[in-house]
Each structure stands twice: as C-alpha cells, then as structure tokens.
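Worksheet for the structure shown next.
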Amino acid sequence: MYFDCWFDCQKVLNWEAKMRSISLNREKTCTHYRIISVLLVCLFFIAPLPALAEDAGVDALRRVGKAFAKIAEKASPAVVGIKAEKTITYERPSFRDSPFGDSFDDDMLDRFFRWYSPRRRAPQQRKYQQMAQGSGFIVSDDGYILTNNHLVGDVEKVTVRLADDREFIAEIKGTDPDTDIAVLKIDAENLPFLELADSDELEVGEWVVAIGNPFRLRRTVTAGIVSAKGRSGFRLAEFEDYIQTDAAINPGNSGGPLLNLDAKVVGINTFIISQTGGYMGIGFAIPSNIAKFVYERLREGKTIERGYLGIYYEQLTPESADAFGLDEGTKGVAITQVIEDSAADKAGLKRYDVIVELDGKPVENGNEFLNRVSMLKPGTKVKMGIIRDGKQKTLTAKLGTRPSKAGKTNAGPEVLEELGFGVGKLTDELADRLGFEALTGVVVTSVESGSKAEEKGITVGMLIMEVDREPVKNTKEFDEAIEKAGKEGSVLLLINDGTHTRFIVLKLSNK
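Under our numbering, think of the first position of the sequence shown as 5, with each following residue one higher.
Written out as structure tokens, the structure is:
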C-alpha cells in the first residue's frame, strides 16, 4: 500500500517536472518570436527612411515655392509701371549760307562754317523728350501711389500703367527729396492695394520679395533675404536708413515694393550698388515706416515738418566711449554742440552729454537717432536718458521744427609729428574766411598722408576748439593740452569743420 502510494506520488512529481520544462520552452520560444517580430517591424520602418527624408525635403521646398507664388499673386495686381516725361530745351548756334544747312553739330564743322560764312543767325532752340521708366505701388483703393522722388520729382507728365493695362495721367500730390519718396494720385476707384508693414519688426535674415518693372519687364518677381538694416552714408538723401537685400533689383525696379511673407510692404526699392549697372546682389530699400510718415503728410497736401532737438552730435565708438569713461559696449550719441535757444538748450542738455535712450528705447547709432527724432512732429515731448559725468539722468525736451541745411569750409605751420597734423593760429582773416568769427581755437594747417589724423577724417581748415574737454585759444595752449593728454594714451578733440561740431579720438603712437 505504501509502495503504491509512493509510486503514484513519483508519477505526479515527474509529470509536474515535465510540464514545467514544457512551459519554460514555450516561454523561450515566445520570447524569441517577440524579438524577431520587433526586429521585423523596425526593419519595415527603417528601410524606406532615405526615401521619406528625400520626399520631406522636396515637400519643404515645394511649400516655400507656393508661399512665394501666393505673395506674387496677392501683391502683383497693386504694382504699377511709371513713365515720367519732361521736355529738355537747348540752344544750338547756326550759320547762314552753310552748304549743309543744320545737318551737323560737330564743333570742327561749326568752326569751318564760321570761317566759310561768319554771319551768324540767331541760335536755334531745339527740344527733345526725356523719359524715365520705373515702378510704384498702390496704397489705397482710391488711387494713391508710392514711388521714388528721383523718378518723378522734376517732370512734366507722369503716366501710370496698371496691371490690367489701363493707363492714367497721374497727379503728383507731393515729393520729399530728403527721403526720396513721392506720392501720386490717379482718378480711379476700387483698386487693389498693398498694406504698409512695421519695418522696425523686420529682422536680418528674413525672406523678402521684390516686385517691379526692370528693363520694362512688367511685374517681375524676385526673392532674397534681408542682408542688413540701418545702412547709411550714401549721401543720396538727407535721411538714410536703408534696408539692404540680395533680392534682385535692377534699373526700373525703383519705386517698387519690397514685401514680407505676408505680402505687406516693408520697403520701397530705391537703388543698387553695382559695377555693371545691373544686379550684383546688393540692393537698398527705404523702410516702410519712413514711407508711411511721408505718405500721411503728402497725401493731405502738407509740407513735411520734422522734429528737431538742436544739437550736433557724434555716434559713440569704443574709443570715444573709453575717452568719456563709459562702460565697454555703451551705445549712444555724444553731444558736441547745443544750439542756443533750441529745444535741447531749453531742456538743459550740455556738450559732452551722452544720449543713450529716447522715449524708453536704446539709441543704437547716430543715424537711427536722427531718423527717430525727425519722424516726430514738432511740439512732441520726448524723454531722453543721458549720461553726464558718469551719472545717469532723464531730461524732457519739447521738439522744435527742423530747419534747412547749412554751409562748408577750407584753409594755412607747426607740425605735430606724433599725431600726423599741424596747427596754426586762428587769425581774424582766417576766422572771417572760414566762418569761425564767433569761435575760438586753432586751425589745422597740414595733415600728413597716411597718418592717424587723416584716417580719422581730420582735414586742413578744421578748427580744434578743445583738447580733452579743455578749451584751447592758441597754439601754446594746444601744445600744453596735447602734452598732458599724452600721458593718458589718447586724446579727445572737439573740432568744427565749418558745418558742425564733432568729437575725434586719436590714439597716441607712444602707447
């Protein structure tokens, strides 16, 4: 009985062991199957990845292309062609009894005819039609158009051609040579038009689109990026703050729009830099914020009145900031002269004050500061953050009205070899000739070629009024001030060039 019981128990134990072995084998098999399944799924998805990546790249480019196409479709109907005409009259001498009549204009033939038949007739008046082609864009549904002043500013007739081929004789509502902007008006209604965007929000590197009529190729669309902002120094206009772009701009694009990806105007295409006369990747546009300021006034037939502080100033450089004892990287403008009884004078601004803020916004550079002030209405109150003798202050000024521009200079031994220029006494005769009657200082009489003085823009005829904030009335005081400044390693000069007063910083060669 006990044996039978033992035998039965043994069978049960053997059966349990066998089942456990089968279970373990099944688990191993399932695990293997799971691993193989995961690998197969991964291979399925990984295998086509190169093709998927290639398709994604093409799709991205396709979307970019579609975006440009939409901009062109939306904006092109509001871009117009402009033809400007004027009659040029000139006189040409004529001689009686010339065997060839008036067929020749050559000077040699004229001299021959004068000898052959010296009896002159009255000069003959000749006329020819001068014509210029350009672009513009509609900014209101009732026919107001923005373009460049250099295209229509001094002409007799302006013809505007719309996208639907209708032509209109345009009225010149107003021009502003100081910004190179003009406003035209045509007698039409329900026209497509473009909105002006806030050009201050435009960033370097953004995509932009230019539309215009280069070489009479109507509504040509090109694309590029914003290469830079705040470009100036071209002396093409009084107020320069250009957007630089590599979007293709060619002759005939002048006056056309530069657009952002929302098909809104960020600039008016104006000029290019080129060695060939055509596109070389460097074009410039007037910011839309300047265009808006001018348009709103010219549309109403108003003259352009600009805000005016009444100061002369220099943009801070690392050298001048160091000379003023300012922190490295400080940006702003340093006042060189405050005009008597001006808005700045009444507000308490002084020479050597550094303006670092205007209405709560940092002053980045001199050109930007000029444009910001000039786009405010006379009578506007502005708050300025300044640094005076190392301390920060806030002053408020009520802007005056900007006057028209001023004049120019030229002049004659005492050479400062270390700095590369020489100075002489400001005699009464020189003061009268150079326009320095009310000023004191020493006159620059020579500048060495290749010297630091020449590099910094010092020229013969300039008046040096101060050295390191110390007034100099004669050459002796100037020499003493220079010797004293030499111990510091640099010298801060206050100079007047006959037009305005400014700072120049020179590093001394012995430091």
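For each residue, glycine too, the CB sits at the ideal point set by N, CA and C.
Remember, predicted model here, so these are calculated numbers, not experimental data.
- Task: Say whether the segment 143-154 touches the segment 245-254, bearing in mind that this needs 3 or more beta-carbon pairs closer than 8 Å, one atom from each stretch.
- Result: no
- Message: Check for me: the alpha helix (DSSP H) holding Val-464 runs from which residue to which?
- Response: It is not in any alpha helix (DSSP H) - Val-464 carries neither H nor E in the DSSP assignment.
- Task: Give the DSSP bridge partners of Ala-214, in chain order.
- Result: Thr-226, Leu-262
- Closest by CA to Glu-216, which one among Ala-167, Glu-452, Phe-328? The sequence shown places Gly at residue 216, rather than the Glu named in the question. Of Ala-167, Glu-452, Phe-328, the residue nearest in Cα terms is Ala-167.
- Query: Quick one: Cα of Glu-205 to Cα of Thr-463, how far?
  - Reply: 40 Å
- Query: Within this structure, are the beta carbons of Gln-319 and Gly-370 separated by less than 8 Å?
  - Reply: Between Gln-319 and Gly-370, the C-beta gap is smaller than 8 Å, which places the two residues in contact.
- Along the chain, which unbroken stretches of the beta strand (DSSP E) at least 3 residues long are found entirely within the segment 259-308? Along the length of the segment 259-308, whole beta strand (DSSP E) runs at least 3 residues long occupy 261-263, 269-276, 287-291, reported in chain order.
- For Gly-329, collect the residues of the same chain with a Cβ closer than 8 Å to its Cβ; drop the 5 residues on either side in sequence, then sort them by chain order. Gly-394
- Item | Cβ-Cβ separation, Tyr-316 to Thr-340 (assumed contact under 8 Å), whole Å | 5 Å
- Message: With distance defined between alpha-carbon atoms, name the residue in Asp-483, Ile-508, Lys-385 nearest to Met-466.
- Response: Ile-508
- Message: Using the three-state DSSP reduction, which class does Leu-313 fall into: helix, strand or coil?
- Response: coil
- Item | the segment 73-86 touching the segment 140-149, judged by at least three CB pairs closer than 8 Å | yes
- What did DSSP end up calling Gly-426 once you bin it into helix, strand or coil? Collapsing the DSSP output to three states places Gly-426 in a strand.
- Message: Since Lys-90 and Asp-158 should fall inside the 8 Å C-beta cutoff, what is the C-beta to C-beta distance between them, to a whole number of angstroms?
- Response: 7 Å
- Item | Closest Cα partner of Gly-389 within the set Thr-280, Glu-481, Val-337 | Val-337
- Message: Quick check on DSSP: helix, strand or coil for Asn-153?
- Response: DSSP, reduced to helix, strand and coil, places Asn-153 within a helical segment of the structure shown.
- Task: Grab the span of the alpha helix (DSSP H) containing Ala-347 for me, first residue to last.
- Result: 347-351
- If we ignore side chains and look at the alpha-carbon of each, how far apart do Ala-477 and Gly-445 end up? For clarity, residue 477 is Lys in the given sequence; the question names Ala instead. In a straight line, the C-alpha of Lys-477 is about 5 Å away from that of Gly-445.
- State buried or exposed for Thr-503, treating a residue as buried only when at least 16 other CB atoms are found within 10 Å of its CB. exposed
- Message: Distance check for Leu-155 and Gly-259, CA to CA, integer angstroms please.
- Response: 8 Å
- Message: Between which two residues does the beta strand (DSSP E) holding Ala-338 run?
- Response: Run containing Ala-338: 337-342, per the beta strand (DSSP E) assignment.
- Message: Restricting to runs no shorter than 4 residues, where is the alpha helix (DSSP H) found entirely within the segment 138-215?
- Response: 153-156
- Query: What is the DSSP secondary structure of Ala-241, counted as helix, strand or coil?
  - Reply: coil
- Is the Cβ-Cβ distance between Leu-430 and Val-447 less than 8 Å? yes
- Query: What is the rounded straight-line gap between the Cα of Phe-117 and the Cα of Glu-244?
  - Reply: Any reading at Phe-117 needs caution, since the residue's pLDDT is 46, under 50, leaving its predicted position unreliable; the model's value is listed next. So the alpha carbons of these two residues sit roughly 52 Å apart.
- Message: Between the alpha carbons of Asp-146 and Leu-195, how many angstroms are there, rounded?
- Response: 6 Å
- Check the C-beta distance from Val-377 over to Gly-314 and give it rounded, since I have them as a contact under 8 Å. In fact, because the Cβ distance is near 10 Å, the residues do not count as touching under 8 Å.
- Task: Determine the closest residue to Leu-263 out of Ile-173, Ile-276, Thr-249, with distance taken between C-alpha atoms.
- Result: Nearest neighbour of Leu-263 by Cα position, chosen from Ile-173, Ile-276, Thr-249, turns out to be Thr-249.
- Who are Phe-507's beta bridge partners in DSSP? Leu-498
- Just mark Ile-272 as buried or exposed, buried being the case when its beta carbon has 16 or more other beta carbons within 10 Å. buried
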